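Participant: Would you mind keeping the following structure in view while I ask a few things?
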Amino acid sequence: MTTDGPVGAPGKDADETAAETAPAATPAAKEPGSDDSFMAHFLHNLWSANTVTVTVLSIVLATIVGAVLIVVSDPDVLHTFSYFTARPSDALTASWDLISGAYADLFKGAIVDPATVSAWADGSGTWRQVFFPISETLTYAAPLAFTGLSVAIAFRGGLFNIGGQGQAVLGTIIAALAGFALPLPPVLHLIAALLAGLIGGAVWGFIPGILKARTGAHEVIVSIMLNYTATLFLGWLILQKGVQQPGRSDAISKTVDGSAQLPSFGGELRANLGIVLAVLATIGVAWLLNRSAFGFELRAVGANSHAARTAGISVAKTYTLLMVVAGGLAGLGGATQVLGTAYALTPQVAGNIGFDGLLVALLGRNRPWGTLGAALLFGALRAGGNRMQSYTGISLELVTVLQALIVIFIAAPALVKAIFRLRAARSARLGASIAKGW
Amino acid sequence: MHPVSTGAARRLRSVLRLQEIPLRLELRGITKRFGDLVANDHIDLTVEPGEVHALLGENGAGKSTLMNQLYGLLQPDEGEIVVDGEARTFRSPRDAIAAGIGMVHQHFMLVPVFTVAENIALGAEKTKAGFLDRRRARREVLEVSERYGLPVDPDALVENLPVGAQQRVEIVKALTRDVDLLILDEPTAVLTPQETEELLAVMRGLCDAGKSIVFITHKLKEVKAIADRITVIRRGRTVGTASPGTAEDELAALMVGRAVTLEVDKTPAEPGREVLTISGLAVADDRGVRAVDDVDLVVRAGEVLGIAGVQGNGQTELVEAVMGLRTPLAGSITVDNEDLIRMSTKQILRSGIGYVPEDRSLDGVVKEFSVAENLVLDQYDRPPYGNAFRLDPAAVDKSARERVEQFDIRTSSPDSAVGTLSGGNQQKVVVAREMSRPLRLFIASQPTRGVDVGSIEFIHGRIVHERDVGTAVLVVSSELDEVVALADRIAVMYRGKILAIVPPDTPREELGLLMAGITDSTRPASDAGDPAAEKGTE
Amino acid sequence: MTPVSTATVENPAEVTPTGRFWNRQRRLGVGVLVIGLLATILFGALAPSKTARFTLSEDAQGAAFSINGKLGAILFGVLAIAAGAVLLAGLLSRYSTAVLSAGILTFVLSFLCWQVAGNFLPLVDTASGTLELAVPLIFGALAGVLGERSGVINVAIEGQFLMGAFGAALVGTMAGSVWAGLFSAAVGGVLIAGILAVLAIRYLVDQTVVGIVLNLLALGVTGFLYERLMQADAQSYNQPPKMPEWKIPGLADIPVVGPVLFDTNLLVWLALILVFVVHFGLTRTRWGLRTRAVGEHPTAADTVGIRVRGLRYLNVLLGGVVAGFGGAYFTLVATGSFNKNMTAGAGFIALAALIFGRWTPFGALGAALFFGFAQKLATYLSAVGSPVPNQFLNMLPYLATIVAVAGLVGRVRAPAADGQPYVKS
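Set out below in structure tokens:
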């Protein structure tokens, strides 16, 4: 495993030559444009390929591709294109109506629907209806924030935690078991159930961590394999006596006790304590990364494991502990899912939150707050997607497409740069410091 | 397949195949820069048909860079390559091969899991009915190997071959491609004396068969034994041409540079107690080869022991063993009678040992980290910077400001990433870090490699200062100037052994000869017949 | 001529590796011994003393091998112990692979005797079921072989399957031709492969990241179009013609093998033929030699004038075609229509087969058959109401792969440059 920089491994020869050819002084780089006015500087940076610009343009590109998909998958609108040359306005209007309707619903379902605001204002609606979209967004964002943080922190340590899915599944399992099997008083029960989820995920993260540290087995292969192992285990467990919901023959477990459920606003507002915990976890991860000794170690190992080792940091120990922490975070994500919204185990209880967490971390550029922001964006897309599906009839899967496309564009800033002919900038390449090769 | 060429003479030859017409090569004003480093500075070189042209220079003088441009792996920033009177541009090795130029790289370009025949056929495969014609490939290998006296087993797996045999494979590979000029990049670096002898014989044979050879090396003996002409390169520039008749010490002076450019103010050392004691140490390198072999060494408090030697003679492994980064095969390492071998690197660093690793980019700094963070890379979890759980950024920052000041680190802020600093300032960060705590022993490998002159002076001053306060100092450098300037005693390391320990006022020529393995008592061929030498190195 | 003795650097004295007692064979021996003991004691104790019948047909009829379940479980368990003992003793080291296979086989047979006791196992049905489940895995693993042997990691096999399955169903239905469907399956696979190739080779994005994201993209795109088009109008978009079954006269009458191998469809043959083609291609042709060189040591390939990136593009795209065929198998053979996320992780089992099969075509074939058999057995066991949960059998591919990469029983080695983008200096 190498942890090369963005350009991969430069040729050995060039490397040596650069190191060998001794004493040509490198003057410290002059601050670019330090004497320019602020505005000039701002404009210069705006159209250079910095991270913000690339992120925004990636989202724009993804929505454009999404719009094309919407149009080509609608037979009626497609029909108007068959006489495009004769009457182009038909095709354009139909397309525009379709696309704008879909994206408007996406927005209304994710942030706010103006209709509900006016209804509340004139007394025919309730405040709950106004906040429903936001509530949905936060509900979906919470588990994603956890799995995203899990992937992000592992990335920072040079590991690719592709096993977030399996760790989240283990989190749901153990949290749910604790949720309906432990007879505990209210607050304590919830804490115990959350801890159980954390431990479940941590154990599942420990396996690839220790195997990597001890045998060099690539964490990506091991954790991919553990993902499906966890799902199969869940499928088996649900059907066991004592776990399966009594009186049901299908795959569903007992319901988590009320005392172990994450408190929410109730009614249609599903937003629960999970999102608060997610914010706390973000603070925690940010502290861990920047203010803790372990965070220092993992960042050093992630950026340059050779230098870390030379400075006396144990790389093997760091890898193991890091995977435990990452697994614990993903496990908490699973716990939030089952204690906050699902309340019972089903084969699909963890949905796709582990893999989505990967996208979230990439979009958030592996920074804690960036990841939380990305989780909110993905939560919003998901919430809006639900409304889009029921109002416009456009499949929720469009959201998956948009999410994947955004991340593809983010992952290849050079591609976005080429498409928009951006000025080159020292844009941080994504995933540059992560493990390459098996 | 015969490579198509545009050179008139070559075209003629490839059509008529009358006889081998050797190729004439001219490099004019070749210049290559890597960022701010000028690796080759207007180098001119002419290789006459049928000659062995030696390119002599220290490690890092820019020889390999020059040849990589000739072979199409790098493109020159300025200058031209002229083959048989015609200027050529080589965009890739394919072009170079087509022009009749072959190269045997210092790091062999062989696929380890392939057989010899597969490696040789690669890129110029003959097929029969769509399938590889293995029989023909084998036959060609045997033919060429027969014709030039280069025994190779076509069916052996390359990864199982000793380096000497791998090198023969590389040469055969080039010869099957009908090259007329062969570049051999440090070919003897990995060879035993016997193998070297064989190689020189092969080179003579090749010249007799009409090939030209560019022979890159830093070994005077070999140059004198084989070369028709010698070009000496120093720090990216041609510093002279010589004939093989030139005396060895004269060549050594040309190569190493006679003028001592480095002056370090220092008083005579006052050595105290024995701090570092190494005895009977043997260490294996990454390939499992015994790179350090039965080394005994003592460094005393208040002295600088310099280890001189051409890079790759076991210095790296020696130092890494002391630092707990490499487990020795045998021997003991103690500091003030504490056994270091069972200690982790962290414990070693904390027992009062400072370490500047030789490869700054790889092992010395974390480029993405700030100057401040790099300054506490091995102290982050100790007071005042933090404890086992948390860091104290304020303390880290405060200390960083002091160090930046104290060690004259030129950076816009302690929060800038170290990767944005110049090499010299990066190195000052490492030195500052390692000198920021009370030390018993300070070890610096290549302390000024890739460092500007100002920083060199500064770093040297700090090292001498460390000595003066009573620290034992071990400096490893392949820059002879540096060792001479800093050391109170010089140990010359050669093939894993300490060949001699001499005072710093020993004549440079003598040191140069020692670095080349030539001592008064050992010449010639002290280690000929070393039974282990004939075995494989895998 | 005076001898010249200025050679530097390593003293090539070899560091003699201590003759380790616990070599690979002995460690494997212990493993086989343990599972043999497990089989003898546990399976032997649990197996009822009833007859287990292995019929040579698709049902309970016809000729059959019969054995008392308890006796069989113990007998085969003891044989497994014997195999383990042979390995442990260091005997027959030249045939260690064969002894190992025998040990595993007898363990499986012991298990089967226990499970089938008082019942029957139709061998033809088991064999053809195994092959059916294995075929997409073979395609997927071969796609992986093509990419990874040239140095490009492909974890997007799942996505290529989905696009292939979707393309086959959509175009197959619209064109009313199974061949058009097959062709579009290849196009679907190539689409994903193309994005993978461009991002990995040209834009140097981490290949695993791209692969995972592409899986999600394929899941999204096929799911979206499925709901928009196919669910709305399955008749015009999601009823592809089925791949015709061809029976080779004569050969099809061979017991067990005949009906499984010679009374089947083109894709099964294609998969098996491709195993040979890729194997011989890799080992015997110019393309194969260059592919392996590029995957092991791209710089060496470059210095002899091979276009590293170009060859990688070619191989990844070829892999897309092959994985697309694998996807087509789901819709044109197995189920007859597309469904959202219908591959359900098969791409990852194919990845496991690739790794477990040590990045070789025949290894991948063996692993795919093994995994297919495990899945088929899982179905059988749940059908006969076995106490052994089928989920645990389905975990087998994943757990086996973890054991393999962790080096617990001899490590598998990826191509040296797998996953490393090639950047010219």
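Protein chains in written order, with our numbering: chain A, 1 to 438; chain B, 1001 to 1538; chain C, 2001 to 2425.
Even glycine gets a Cβ: it sits at the ideal position worked out from N, Cα and C.
Owing to the predicted nature of the structure, the values given are computational and were not obtained by experimental measurement.
How close, in whole Å, do the beta carbons of Gly1123/B and Val2221/C come, if the pair is a contact with beta carbons under 8 Å?
Facilitator: With a beta-carbon spacing of about 40 Å, Gly1123/B and Val2221/C fall beyond the 8 Å limit used to define contacts.
Participant: Give every residue of the same chain whose Cβ lies closer than 6 Å to the Cβ of Gly166/A, excluding the five residues on either side of it in the sequence, and list them in chain order.
Facilitator: Here Gly166/A has Trp204, Leu226, Asn227 and Ala230 as same chain residues with Cβ atoms under 6 Å from its own Cβ, once five neighbours each way along the sequence are excluded.
Participant: Straight-line CA distance for Asp2125/C to Val279/A?
Facilitator: When rounded, the separation of the alpha-carbon atoms in Asp2125/C and Val279/A is 55 Å.
Participant: In the region 2226-2254 of chain C, which residues sit with their C-beta less than 9 Å from some C-beta in chain A, listed in chain order?
Facilitator: Tyr2226, Glu2227, Arg2228, Leu2229, Gln2231, Ala2232 and Asp2233
Participant: Counting pairs of beta carbons, one from the region 2254-2271 of chain C and one from the region 1109-1120 of chain B, are three or more of them closer than 8 Å?
Facilitator: The count of Cβ pairs closer than 8 Å, one atom from the region 2254-2271 of chain C and one from the region 1109-1120 of chain B, stays below three, leaving the stretches out of contact.
Participant: Which bits of chain B does His306/A rub up against, with CB to CB less than 7 Å?
Facilitator: Leu1362 and Asp1363
Participant: Just checking my contact of Pro2298/C with Tyr2422/C at CB under 8 Å: how many whole Å lie between their CB atoms?
Facilitator: That pair is a contact at about 4 Å.
Participant: Using a C-beta cutoff of 8 Å, does Glu1125/B count as contacting chain C?
Facilitator: Yes, Glu1125/B lies at the interface with chain C (some Cβ there is under 8 Å from its Cβ).
Participant: Val2277/C: which of His1105/B, Gly1130/B and Arg1467/B sits nearest, CA to CA?
Facilitator: Answer by Cα proximity: Gly1130/B.
Participant: Roughly how many whole angstroms lie between the Cα atoms of Gly2357/C and Ile221/A?
Facilitator: 14 Å
Participant: Classify Pro1383/B as buried or exposed, calling it buried when 16 or more other Cβ atoms lie within 10 Å of its own Cβ.
Facilitator: exposed
Participant: Under 9 Å Cβ-Cβ, which residues of chain A neighbour Thr2379/C?
Facilitator: Correct list: empty, because the minimum Cβ distance to chain A is about 14 Å.
Participant: Say yes only if the C-beta of Gly1314/B is nearer than 7 Å to one or more non-hydrogen atoms of the ligand SAM, and no if none qualify.
Facilitator: The model depicted lacks the ligand SAM and carries no ligand whatsoever.
Participant: Distance cutoff 8 Å, beta carbons only. Does Val2304/C sit that close to anything in chain B?
Facilitator: yes
Participant: On a Cα-Cα basis, can you pick out the residue from Ala316/A, Trp120/A, Ala383/A and Phe146/A that is closest to Arg270/A?
Facilitator: Ala383/A
Participant: Taking Asn1040/B as part of the beta strand (DSSP E), name the residues at either end of that continuous run.
Facilitator: Leu1037 to Val1047
Participant: Could you check the C-alpha separation between Gly379/A and Leu138/A for me, to the nearest Å?
Facilitator: Here the alpha carbons of Leu138/A and Gly379/A stand approximately 6 Å from one another.
Participant: Give a yes or no on whether the C-beta atoms belonging to Ala2039/C and Ala2073/C are separated by under 8 Å.
Facilitator: yes
Participant: Please name the residues in the region 1084-1102 of chain B whose beta-carbon is closer than 7 Å to at least one beta-carbon of chain F, in chain order.
Facilitator: Note that chain F does not occur in the displayed structure, where the protein chains are A, B and C.
Participant: Name, going along the chain, the residues of the region 204-224 of chain A whose beta-carbon falls closer than 7 Å to a beta-carbon of chain C.
Facilitator: Leu211, Thr215, Ala217, His218, Val220, Ile221, Val222 and Ile224
Participant: Mind pulling the chain C residues with CB within less than 7 Å of Leu1110/B?
Facilitator: The answer, in chain order, is Ala2300.
Participant: Can you name the start and end residues of the alpha helix (DSSP H) that Ser135/A belongs to?
Facilitator: Trp127 to Arg156
Participant: How big is the Cα-Cα spacing for Ala1444/B and Ile1213/B?
Facilitator: Here the alpha carbon of Ala1444/B sits roughly 38 Å from the alpha carbon of Ile1213/B.
Participant: Give a yes or no on whether 8 Å exceeds the smallest Cβ distance from Tyr2427/C to chain A.
Facilitator: Because chain C in this structure spans residues 2001 to 2425, residue 2427/C falls outside the shown range and cannot be described.
Participant: Name the DSSP beta bridge partners of Phe2065/C, please?
Facilitator: Phe2054/C
Participant: Less than 8 Å between the C-beta atoms of Ala1372/B and Val1396/B, yes or no?
Facilitator: It is a contact, given that the beta carbons lie within the stated cut-off.
Participant: Here's the rule I'm using: 16 or more other beta-carbon atoms within 10 Å means buried, otherwise exposed. How should Tyr2380/C be labelled?
Facilitator: buried
Participant: Is the shortest distance between the beta-carbon of Thr126/A and the beta-carbons of chain B less than 8 Å?
Facilitator: no
Participant: Examine chain B for any beta-carbon lying closer than 8 Å to the beta-carbon of Gly312/A, and answer yes or no.
Facilitator: yes
Participant: Look at the Cβ atom of Gly357/A, then the Cβ atom of Gly333/A, and state whether they are nearer than 8 Å.
Facilitator: yes
Participant: Give a yes or no on whether the minimum CB-CB distance between Glu983/B and chain C is below 8 Å.
Facilitator: Residue 983/B is absent from the model: chain B starts at 1001 and stops at 1538.
Participant: Which residues in the same chain as Val1052/B place their Cβ atom closer than 7 Å to its Cβ, once the five residues preceding and following it in sequence are excluded?
Facilitator: In its chain, beyond the 5 residues on either side, Met1203, Cys1207, Ile1213, Phe1215, Ile1226, Ala1227 and Asp1228 have a beta carbon closer than 7 Å to the beta carbon of Val1052/B.
Participant: Can you find at least 3 beta carbon pairs, one from the region 198-212 of chain A and one from the region 315-322 of chain A, that sit closer than 8 Å?
Facilitator: yes
Participant: Quick one, are the C-beta atoms of Leu1276/B and Leu1474/B less than 8 Å apart?
Facilitator: Yes; because the gap between Cβ atoms is below 8 Å, this pair is in contact.
Participant: Would Gln1166/B be called buried (16 or more neighbouring beta carbons within 10 Å of its own) or exposed?
Facilitator: Buried, by the Cβ-count rule.
Participant: I'd like to know whether the C-beta of Arg2290/C is nearer than 8 Å to at least one C-beta of chain B.
Facilitator: yes
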